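Peer 1: These protein sequences, in sequence, are chains A and B. Heads up, the first sequence is in my numbering, so the first residue is 1 and it goes up one at a time. Heads up, the second sequence is in my numbering, so the first residue is 1 and it goes up one at a time. The structure that follows is given in the form of structure tokens.
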Amino acid sequence: MTPFFALVRMELRLFFADPRAVIMSVIAPIAIASFFGYIFGGGAGNTERSKIPVLIADLDGSNLTQEVVRRLKADASLDVKPATPEQCREAVRKGKATAAFVIPKDFAFGTAAAFLAGGSRPEIAMLQDPSQELEMRMLQGIVTGAVMGAAGKQLSGGREEIPLPFGVRAESVTSDPTISYNGYAHSFGGMGIQFLLMVGVEVGVGLLLRRQLGVWKRLRAAPISRMMLLGSRIVSGGITSMATLMILFAFARVVFGVHIQGSLAGFLGICASFSLMTAALGLVISTLGKTAEATRAVAIVATLLMVMLGGAWVPTFIFPRWLQNITVVMPTRWAMDGLDAVTWRGLGFSTVAPQIGLLLGCAVVFGAFAVWRFRWEEN
Amino acid sequence: MGVMASMLEISGLRKSYHNLVAVDGVSFRAGQGETVGLLGPNGAGKTTTVSIIAGLIRPDAGEVRIAGRAISSDTDPAKQSIGLVPQDLGLYDQLSARENLRLFGALYKMSGAPLRHAMDEALDLVGLSERAKDRVKEFSGGMKRRLNLAAALLHDPQLLLLDEPTVGVDPQSRNAIFDNLESLKKRGKTLLYTTHYMEEAERLCDRLVIIDHGKIIADDTLQGLHRRFCAQNLLTVELEDGELSIDELLIDGLSIDALRQVPGVESVERRGHSLRIGVRDLARDSAAILQWLAERGQHVQHFASERTSLETVFLTLTGRSLRD
Chain A
1 MTPFFALVRM ELRLFFADPR AVIMSVIAPI AIASFFGYIF GGGAGNTERS
51 KIPVLIADLD GSNLTQEVVR RLKADASLDV KPATPEQCRE AVRKGKATAA
101 FVIPKDFAFG TAAAFLAGGS RPEIAMLQDP SQELEMRMLQ GIVTGAVMGA
151 AGKQLSGGRE EIPLPFGVRA ESVTSDPTIS YNGYAHSFGG MGIQFLLMVG
201 VEVGVGLLLR RQLGVWKRLR AAPISRMMLL GSRIVSGGIT SMATLMILFA
251 FARVVFGVHI QGSLAGFLGI CASFSLMTAA LGLVISTLGK TAEATRAVAI
301 VATLLMVMLG GAWVPTFIFP RWLQNITVVM PTRWAMDGLD AVTWRGLGFS
351 TVAPQIGLLL GCAVVFGAFA VWRFRWEEN
Chain B
1 MGVMASMLEI SGLRKSYHNL VAVDGVSFRA GQGETVGLLG PNGAGKTTTV
51 SIIAGLIRPD AGEVRIAGRA ISSDTDPAKQ SIGLVPQDLG LYDQLSAREN
101 LRLFGALYKM SGAPLRHAMD EALDLVGLSE RAKDRVKEFS GGMKRRLNLA
151 AALLHDPQLL LLDEPTVGVD PQSRNAIFDN LESLKKRGKT LLYTTHYMEE
201 AERLCDRLVI IDHGKIIADD TLQGLHRRFC AQNLLTVELE DGELSIDELL
251 IDGLSIDALR QVPGVESVER RGHSLRIGVR DLARDSAAIL QWLAERGQHV
301 QHFASERTSL ETVFLTLTGR SLRD
């Protein structure tokens with residue numbers, strides 16, 4: 001057995017000898033990714049969504065407004081209940097309803113007058129929860145559609161609706177029409193990345209802890225190079241991380257139907273390069289602090305920032321544009337985009353090759369920095 | 001005894017950390033098969049010296065030669081000749097004794113049957129063959145110390161660097177470790193043994209290097225040191241109950257420095273309520289000291305003499321006890 005292989009083997013033995021480390025690395029990300037995956041859209045074909053609670057006060061009570069209320073109640077994304085204007089305001093203020101609509105008296109007459117004679121337009125008051133901005137735009141669209149539909153039917157004498165002069169055809173664009181979005185693919189990738197970074201932190205902190213023990217002196221006294229000492233730590237950390245990702249995605253595949261729709265080589269390449277990068281990052285961490293405790297605290301904060309900005313918690317398209325532009329330099333984003341590309345987007349190796357190259361480059365740079373800056377001498 | 005071939009030669013070692021000079025011009029040698037004790041109180045520079053020899057620390061100046069060769073890099077084959085027994089246990093608690101040894105053997109490119117044989121032999125030497133498969137965390141402190149020693153023996157080094165290998169162990173385990181080291185001596189190994197326990201050095205070492213504040217203050221065989229300090233004997237004087245205490249004696253103006261001026265007194269150390277006084281001529285100087293005390297109204301409750309020891313040697317050389 002070569003010294004390098006012996007060191008790697010020993011590190012792996014130590015990792016698996018610590019049940020807490022194994023649990024933290026595998027079970028915790030599975031649990032959190034399952035949760036995030038569920039709330040961010042669930043698995044393929046899962047259309048179940050929480051309905052938006054909406055109250056409506058119909059002060060007009062005309063045929064037109066009753067038709068509007070009927071259409072709103074029929075919308076699958078809404079949970080519409082009747083209420084008085086006061087109840088509407090109170091419910092929105094307390095956060096029990098996302099929004100409420102108050103249809104004023106003589107609304108039907110007003111709309112007909114405005115439509116036919118160009119009079120002033122009546123207004124539907126929309127009481128909104130200011131924390132639910134995204135839903136508001138959607139609700140405006142739904143209400144507009146419902147009023148237009150109902151008004152058209154009224155104008156045609158109730159015989160038939162006036163059809164809209166255009167249609168909208170939605171198509172999920174992936175590499176193949178049979179591939180659909182799976183929220184678990186993103187959440188398992190994201191949580192995998194987060195916990196791999198945690199493994200990286202432990203690689204660094206573990207090294208600092210080891211320096212405090214006589215075993216470090218014994219390793220240093222042996223005729224092996226510094227590169228081998230740190231390299232074995234990178235490789236063992238990388239293997240641990242890679243295995244963690246494989247277990248996560250195996251679980252996601254079996255339980256949530258997450259498939260590698262794109263390049264398998266690309267998927268493995270992203271996983272391997274990110275695993276090596278995190279282990280090398282761990283070594284960088286070990287060069288920054290003097291005590292394990294202080295280093296761990298700082299490293300965890302930095303890790304969470306990287307995870308957050310890399311889009312591992314929520315997709316980066318939710319970010320403001322300026323933040324999206326900034327985060328393109330984050331290795332976590334490269335990994336996240338790469339995993340999204342080869343899982344639910346179904347893209348090929350060439351698409352993720354730049355990300356793999358960047359992650360490997362980072363691993364090399366981090367490793368070289370660690371060898372350069374590592375404090376080899378004990379005081 | 002003829003001059004032995006040098007296994008270890010150190011010349012002009014110097015190492016400082018910021019303003020603290022840890023090792024200051026240390027030079028000594030250890031012959032093939034010789035056991036050299038590196039003695040000194042805590043912080044004297046023993047561990048730094050050992051760390052430099054083992055290649056863990058780069059000295060600011062000076063040179064270390066192992067069997068005539070200087071260690072030039074981390075991977076220098078000359079490091080194969082060194083077995084380090086660190087003061088802090090160099091073992092993985094979560095692994096078994098055998099797994100630990102397998103790793104440390106592999107670091108020296110050992111594998112297969114030779115490694116298995118070396119592991120069996122090392123475990124046998126330290127009496128842990130029966131516990132080879134047990135995890136180290138289940139071991140007692142003494143067993144861990146013995147395994148710590150075994151881990152340094154696998155690659156059959158000619159020079160063993162033992163940095164306080166008996167710290168924190170019970171007397172039984174200490175004796176076991178001594179037996180192991182004596183066995184290694186018989187096999188011709190060169191041992192560099194750092195300690196601040198005089199009795200350990202007296203039992204084990206052929207030659208003693210005494211270090212204090214990073215400097216060597218004596219380097220001689222045990223017999224040589226005894227010869228140099230042969231005239232010195234140690235008197236222990238305890239004052240009678242009800243008389244002035246040592247502190248009062250000092251307040252009374254009869255300081256230790258004053259006692260040192262008494263003819264024949266080589267050293268004076270206060271230990272609790274006793275004075276330990278080193279003298280050259282036991283009969284003549286004892287009488288003079290007793291008379292000196294009597295003239296100052298002091299009555300001696302207990303008076304004893306003992307042969308000079310390494311403790312006394314150190315006290316004489318440095319003016320303080322090894323355990324200070």
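Glycine included, every Cβ here is placed at the ideal spot set by N, Cα and C. From a predicted model like this one, the values you see are computed outputs, not experimental measurements.
Output the boundary residues of the alpha helix (DSSP H) element that contains B:Glu266.
Peer 2: Note, B:Glu266: premise wrong, no alpha helix (DSSP H); beta strand (DSSP E) at 265-271.
Peer 1: May I ask which residues mark the beginning and end of the alpha helix (DSSP H) holding A:Ile194?
Peer 2: It should be noted that the sequence gives Gln, not Ile, for residue 194 of chain A. Residues 183-211.
Peer 1: Considering Cα atoms alone, identify which of B:Gly105, B:Lys46, B:Phe314, B:Asn180 is closest to B:His226.
Peer 2: Selected option, being the one with the closest Cα: B:Phe314.
Peer 1: Starting from the beta carbon of A:Leu213, find every residue of chain B whose beta carbon is closer than 8 Å, and list them in chain order.
Peer 2: Those within 8 Å of A:Leu213 in chain B are Asp88, Leu89, Gly90.
Peer 1: Roughly how many whole angstroms lie between the Cα atoms of A:Val92 and A:Ala125?
Peer 2: For A:Val92 and A:Ala125, the distance between alpha carbons rounds to 13 Å.
Peer 1: Which residues, in chain order, does the stretch 223-238 of chain A contribute to contact with chain B at a C-beta distance below 7 Å?
Peer 2: The residues in question are Pro223, Ile224, Ser225, Arg226.
Peer 1: Quick one: grab the DSSP three-state call for A:Ile32.
Peer 2: Correct three-state label for A:Ile32: helix.
Peer 1: Buried or exposed: where does B:Gly242 fall if 16 or more other Cβ atoms within 10 Å of its Cβ makes it buried?
Peer 2: Residue placement at B:Gly242 cannot be trusted, given a pLDDT of 47 that sits under 50; the coordinates are not used to answer.
Peer 1: Does the beta-carbon of A:Ala185 have 16 or more other beta-carbons within 10 angstroms, so that it is buried, or is it exposed?
Peer 2: Answer is buried; the Cβ neighbour count reaches 16.
Peer 1: Cα separation between B:Ala152 and A:Thr278?
Peer 2: Taking the straight line from one Cα to the other gives about 34 Å.
Peer 1: With distances taken from CA atoms, which of A:Asp60, A:Arg333, A:Gly231, A:Ala252 is nearest A:Val26?
Peer 2: With distances taken between Cα atoms, A:Val26 lies closest to A:Ala252.
Peer 1: Say whether chain B places a C-beta atom closer than 8 Å to the C-beta of A:Leu393.
Peer 2: Outside the modelled stretch of chain A, which goes from 1 to 379, sits residue 393 of chain A, for which no answer is possible.
Peer 1: Helix, strand or coil: which one does DSSP assign to B:Asp219?
Peer 2: Of the three classes helix, strand and coil, the one that applies to B:Asp219 here is strand, per DSSP.
Peer 1: Comparing the C-beta of A:Glu377 with each C-beta of chain B, is any distance below 8 Å?
Peer 2: Yes, because at least one Cβ of chain B sits closer than 8 Å to the Cβ of A:Glu377.
Peer 1: Thinking C-beta only, is A:Met336 closer than 8 Å to A:Ile193?
Peer 2: Against a cut-off of 8 Å, the Cβ pair of A:Met336 and A:Ile193 comes out as a contact.
Peer 1: Do the CB positions of B:Leu95 and B:Val136 come within less than 8 Å of each other?
Peer 2: Yes, the pair counts as a contact, with Cβ atoms nearer than the cut-off.
Peer 1: Any idea what DSSP makes of B:Ala30, helix, strand or coil?
Peer 2: If DSSP states are grouped into helix, strand and coil, B:Ala30 belongs with the strands.
Peer 1: In chain A, which residues lie with their C-beta within 8 Å of the C-beta of B:Ile66?
Peer 2: Those do not exist, as B:Ile66 stays about 12 Å from chain A at its closest Cβ, beyond 8 Å.
Peer 1: Could you tell me if B:His155 is buried or exposed, where buried requires 16 or more neighbouring beta carbons within 10 angstroms of its beta carbon?
Peer 2: Result: buried.
Peer 1: Can you tell me where the beta strand (DSSP E) holding B:Glu333 begins and where it ends?
Peer 2: As displayed, chain B neither begins before 1 nor continues past 324, which places residue 333 of chain B out of reach and without an answer.
Peer 1: Which of the three DSSP states is assigned to B:Arg157 in this structure?
Peer 2: It is Pro, not Arg, that sits at residue 157 of chain B in the sequence shown. Looking at B:Pro157 - three-state DSSP - the assignment turns out to be coil, as it is neither helix nor strand.
Peer 1: Quick check on the burial criterion: 16 or more other C-beta atoms within 10 angstroms. Buried or exposed for B:Ile251?
Peer 2: For B:Ile251, the predicted structure reports a pLDDT of 49, less than 50, and the residue's modelled location is therefore unreliable. A value from the coordinates is still provided. The residue in question, B:Ile251, is exposed, as its Cβ has fewer than 16 Cβ neighbours within 10 Å.
Peer 1: Strictly under 8 Å for the Cβ-Cβ distance: is B:Ile82 near chain A by that measure?
Peer 2: Chain A, which has a Cβ nearer than 8 Å to the Cβ of B:Ile82, makes this yes.
Peer 1: Using a C-beta cutoff of 8 Å, does A:Lys96 count as contacting chain B?
Peer 2: A:Lys96 does not count as touching chain B.
Peer 1: Identify the contact partners of A:Lys290 in chain C, using a Cβ-Cβ distance below 9 Å as the criterion.
Peer 2: Protein chains in the displayed structure are A and B, and chain C is not among them.
Peer 1: Counting pairs of beta carbons, one from the stretch 304-313 of chain A and one from the stretch 14-28 of chain B, are three or more of them closer than 8 Å?
Peer 2: The stretch 304-313 of chain A, when compared against the stretch 14-28 of chain B, does not touch it at the 8 Å Cβ threshold.
Peer 1: Spatial neighbours of A:Gln132 within its chain, please: C-beta separation below 6 Å, excluding the five flanking residues on both sides.
Peer 2: Thr98, listed in sequence order.
Peer 1: Does chain A have any CB closer than 8 Å to the CB of B:Tyr108?
Peer 2: For B:Tyr108, the answer is yes, since a Cβ of chain A falls inside 8 Å of its Cβ.
Peer 1: Which residues in chain A have a C-beta closer than 9 Å to the C-beta of B:Glu99? List them in chain order.
Peer 2: Those within 9 Å of B:Glu99 in chain A are Met10, Arg13.
Peer 1: Of all the options A:Gly266, A:Thr287, A:Gln154, which has the alpha carbon lying nearest to the alpha carbon of A:Leu116?
Peer 2: Closest option to A:Leu116, Cα to Cα, is A:Gln154.
Peer 1: Mind checking whether A:Phe166 and A:Thr244 have CB atoms under 8 Å apart?
Peer 2: Contact flag unset, no.
Peer 1: Exposed or buried, which one is A:Glu11 when buried takes at least 16 other CB atoms within 10 Å?
Peer 2: Buried: at least 16 other Cβ atoms inside 10 Å.
Peer 1: Which runs of the alpha helix (DSSP H) at least 4 residues long sit entirely within the stretch 271-305 of chain B? Give them in chain order.
Peer 2: For the stretch 271-305 of chain B, whole alpha helix (DSSP H) runs of length 4 or above, ordered along the chain, are 282-295.
Peer 1: Using 8 Å for Cβ pairs, my map puts A:Phe101 next to A:Val143. What's the rounded Cβ distance?
Peer 2: The Cβ separation is near 6 Å, so the contact holds.
Peer 1: What is the DSSP secondary structure of B:Leu107, reduced to helix, strand or coil?
Peer 2: Here B:Leu107 sits in coil by DSSP.
Peer 1: Along chain A, which residues have their Cβ under 8 Å away from the Cβ of B:Pro327?
Peer 2: In this structure chain B extends from 1 to 324, so residue 327 of chain B is not present and cannot be described.
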